[in-house]
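Report on the structure given below.
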Amino acid sequence: MSTPEPSSAPSTTPSATPAVDTRVDPPPMAGERESLEGWVEFYRETLLRKIDGLDAEQLSRRSVPPSVLSPIGIVRHLTDVEAYWLREVLLDDEQPDPHCTDDNPDGDFDDVDPATALADVEAYCAELVATRAAQASWSDLDGPVLGLRHGEQVNLRWILTHLIEEYARHLGHLDLLREAIDGGTGY
18 MSTPEPSSAP STTPSATPAV DTRVDPPPMA GERESLEGWV EFYRETLLRK
68 IDGLDAEQLS RRSVPPSVLS PIGIVRHLTD VEAYWLREVL LDDEQPDPHC
118 TDDNPDGDFD DVDPATALAD VEAYCAELVA TRAAQASWSD LDGPVLGLRH
168 GEQVNLRWIL THLIEEYARH LGHLDLLREA IDGGTGY
């Protein structure tokens, strides 16, 4: 499956209706790898679609109290998730954690700031370039990858399945946040 290039970062013009939907549905009769990669890619693009049109303040808004979740917190978290699974675990390529520390394990969600929100979206888009390349470089779904997860081996199949779960979970959160911010809804 050829992986589409990431959409550009969302616009900064607030809009309850996201821009034209350019996502490609995962193929319904695909083989295993194409299906897994199709869903991961669909969800990556869905994240960008769901934040499209939000300005920096809206991206940083915690719109569903008492939750501290914000759209940009989710973007930051999924940036870190992509780097961890597809660079650290898949390729055993240690990556710095730009948001979390031992003293602040939820910094990706907690330390959001409108002043850096648009740069955080750009960092997500840049991370997708790196993780798509890492993912494409690994041909085997079955064999163990180079890194370990909590001291255990995993394979690319497990990583891609986990990414689907991770995105689906957080896109559900983002549905509620976006609707509370400006009424925007949609798959």
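The sequence shown begins at 18 in the working numbering and counts up one residue at a time.
No residue lacks a Cβ here, since even glycine has one placed at the ideal position from N, Cα and C.
- [ ] May I ask you to verify whether the segment 112-127 touches the segment 79-93, counting CB pairs closer than 8 Å and requiring at least 3?
- [x] By the C-beta criterion, the segment 112-127 is judged to be in contact with the segment 79-93, since at least 3 inter-stretch pairs fall below 8 Å.
Task: CB contact flag (residue 95, residue 64, <9 Å) - done: Result yes, Cβ atoms of residue 95 and residue 64 sit closer than 9 Å.
TODO: Sort 93, 73 and 164 by Cα distance to residue 111 and report the nearest one.
DONE: Among 93, 73 and 164, the Cα nearest to that of residue 111 belongs to 164.
Open item on the list: For a test of the three-state rule: what should DSSP assign to residue 113, helix, strand or coil?
Closed with: Correct three-state label for residue 113: coil.
TODO: Mark residue 149 as exposed unless 16 or more other C-beta atoms lie within 10 angstroms of its C-beta, in which case mark it buried.
DONE: With 16 or more other Cβ atoms within 10 Å, it is buried.
Open item on the list: Mapping the DSSP letters down to three states, classify residue 82 as helix, strand or coil.
Closed with: Three-state DSSP puts residue 82 in coil, outside helix and strand.
- [ ] Take the Cβ of residue 200 as the centre, count every other Cβ of all protein chains shown within 10 Å, and call the residue buried at 16 or more, exposed below.
- [x] Classification for residue 200: exposed.
Task: Buried versus exposed call for residue 167 [16 or more other C-beta atoms within 10 Å across all chains shown] - done: Exposed is the call here.
Open item on the list: Report the start-end ranges of each beta strand (DSSP E) in the segment 112-151 that is 3 residues or longer and not cut off at the edges.
Closed with: Along the length of the segment 112-151, whole beta strand (DSSP E) runs at least 3 residues long do not occur.
Task: Which of helix, strand or coil DSSP assigns to residue 88 - done: It is helical.
Task: Spatial distance of residue 40 from residue 59 (CA atoms) - done: C-alpha separation (whole angstroms): 6 Å.
Open item on the list: Within a Cβ cutoff of 6 Å, which residues of the same chain sit near residue 134, ignoring the five residues on either side of it in sequence?
Closed with: Excluding five sequence positions before and after residue 134, the CB atoms of its chain that fall closer than 6 Å to its own CB belong to 73, 76, 77 and 89, given in chain order.
- [ ] Say whether the segment 95-106 touches the segment 176-190, bearing in mind that this needs 3 or more beta-carbon pairs closer than 8 Å, one atom from each stretch.
- [x] Yes, since at least three Cβ pairs between the segment 95-106 and the segment 176-190 fall closer than 8 Å, the two stretches touch.
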